[in-house]
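Numbered per full-length UniProt numbering, the sequence shown finishes at 222, counting up by one with no gaps. Positions of the beta carbon are idealized from the N, C-alpha and C atoms, including for glycine.
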Amino acid sequence: MQPISFVSLILNASLVVQLVMAGLVLTSILSWALIFNKTFVLKSARRDSDEFERQFWSGTDLNRLYEDASRRQQRSGMERIFQSGFAEFLKLRGRNGTELSDIMDGARRAMRAAAQRELDTLDRHNAFLATVGSVSPYVGLFGTVWGIMHAFIGLGNAGQATLATVAPGIAEALVATAIGLFAAIPAVVAYNRFATDVDRLATRFDAYMEEFSNILQRLATR
Numbered sequence: 001m002q003p004i005s006f007v008s009l010i011l012n013a014s015l016v017v018q019l020v021m022a023g024l025v026l027t028s029i030l031s032w033a034l035i036f037n038k039t040f041v042l043k044s045a046r047r048d049s050d051e052f053e054r055q056f057w058s059g060t061d062l063n064r065l066y067e068d069a070s071r072r073q074q075r076s077g078m079e080r081i082f083q084s085g086f087a088e089f090l091k092l093r094g095r096n097g098t099e100l101s102d103i104m105d106g107a108r109r110a111m112r113a114a115a116q117r118e119l120d121t122l123d124r125h126n127a128f129l130a131t132v133g134s135v136s137p138y139v140g141l142f143g144t145v146w147g148i149m150h151a152f153i154g155l156g157n158a159g160q161a162t163l164a165t166v167a168p169g170i171a172e173a174l175v176a177t178a179i180g181l182f183a184a185i186p187a188v189v190a191y192n193r194f195a196t197d198v199d200r201l202a203t204r205f206d207a208y209m210e211e212f213s214n215i216l217q218r219l220a221t222r
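Below you can see the structure in the form of structure tokens.
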């Protein structure tokens with residue numbers, strides 16, 4: 001009996017199982033591309049936030065920092081929060097008769113809206129990873145069940161059951177489950193890691209908005 005290779009199992013599988021395998025492989029490729037991209041995006045977001053916070057707390061004049069941020073096309077998430085809040089603060093402060101509470105509420109709303117937009121951008125495509133992680137094993141299991149059913153139908157038509165005739169069909173079917181797990185496990189790990197990273201950035205944004213609001217309140221009372 002010749003040894004059975006992984007490639008031969010795929011090539012000899014039924015059409016339905018092959019389609020399941022192809023779909024899972026494509027999904028896995030898309031997941032890995034997304035994982036590498038989001039790793040880079042979140043790493044850049046953390047680095048840019050660190051850089052902006054160092055600049056913000058270095059004592060730089062806020063008006064100058066705002067002008068620099070307005071001229072820059074590529075801005076970090078925290079920088080956009082600062083720009084949105086300070087722009088609203090300057091606009092409301094320039095209106096005659098505007099109460100301090102209205103100025104602060106407007107600045108906070110602008111910062112919260114900017115922060116939510118940033119978090120939505122950072123959280124983009126996480127739902128895809130969650131779907132891949134939860135659905136892929138079941139898709140692979142469907143391919144396995146279909147393959148085993150197909151193998152036993154062929155075995156029944158053959159009329160003689162031996163290990164040599166049963167093993168290849170079952171092995172072909174189990175490959176679908178293996179590919180489903182191969183697609184699901186990295187997606188689940190990546191989803192949990194990215195969700196944690198986004199939550200940490202959200203906490204940083206919230207802390208920064210509170211601290212910046214205190215600074216704006218002191219400026220408004222001068």
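Are the beta-carbon atoms of residue i and residue j separated by less than 9 Å?
i: residue 145; j: residue 180; result: no
i: residue 78; j: residue 53; result: yes
i: residue 201; j: residue 69; result: no
i: residue 184; j: residue 136; result: yes
i: residue 216; j: residue 86; result: yes
i: residue 92; j: residue 66; result: no
Which same chain residues, not among the five before or five after residue i, have their C-beta less than 7 Å away from its C-beta?
i: residue 228; result: Here the chain has residues from 1 to 222 only, and residue 228 is not among them.
i: residue 130; result: 191
i: residue 188; result: 133
i: residue 176; result: 17, 20, 21, 140, 143, 144, 147
Taking all protein chains shown into account, decide if residue i is buried (16 or more other Cβ within 10 angstroms of its Cβ) or exposed.
i: residue 118; result: buried
i: residue 26; result: exposed
i: residue 198; result: buried
i: residue 58; result: exposed
i: residue 94; result: exposed
i: residue 28; result: buried
Which two residues bound the contiguous alpha helix (DSSP H) that contains residue i?
i: residue 46; result: 15-56
i: residue 121; result: 100-122
i: residue 70; result: 62-71
i: residue 84; result: 77-93
Which whole-angstrom value is the C-beta distance of residue i and residue j, which I expect to be below 8 Å?
i: residue 186; j: residue 31; result: 6 Å
i: residue 17; j: residue 178; result: With 8 Å as the limit, residue 17 and residue 178 do not qualify as a contact, their Cβ atoms being about 12 Å apart.
i: residue 143; j: residue 20; result: 3 Å
i: residue 141; j: residue 42; result: That belief does not hold up - the Cβ atoms of residue 141 and residue 42 are roughly 32 Å apart, past 8 Å.
i: residue 103; j: residue 220; result: 5 Å
i: residue 34; j: residue 125; result: 5 Å
In chain order, what residues of the same chain have a beta carbon less than 6 Å from the beta carbon of residue i, not counting five sequence neighbours either side?
i: residue 88; result: 106, 107, 110
i: residue 38; result: 194
Could you pull out every residue in the same chain whose Cβ sits closer than 8 Å to the Cβ of residue i, ignoring the five residues on either side in sequence?
i: residue 60; result: none
i: residue 49; result: 76, 77, 78, 201, 204
i: residue 2; result: Because residue 2 sits at a pLDDT of 48, beneath the cut-off of 50, its placement in the model cannot be relied upon, and the following sentence gives the value as read from the coordinates. Nothing listed; no residue qualifies.
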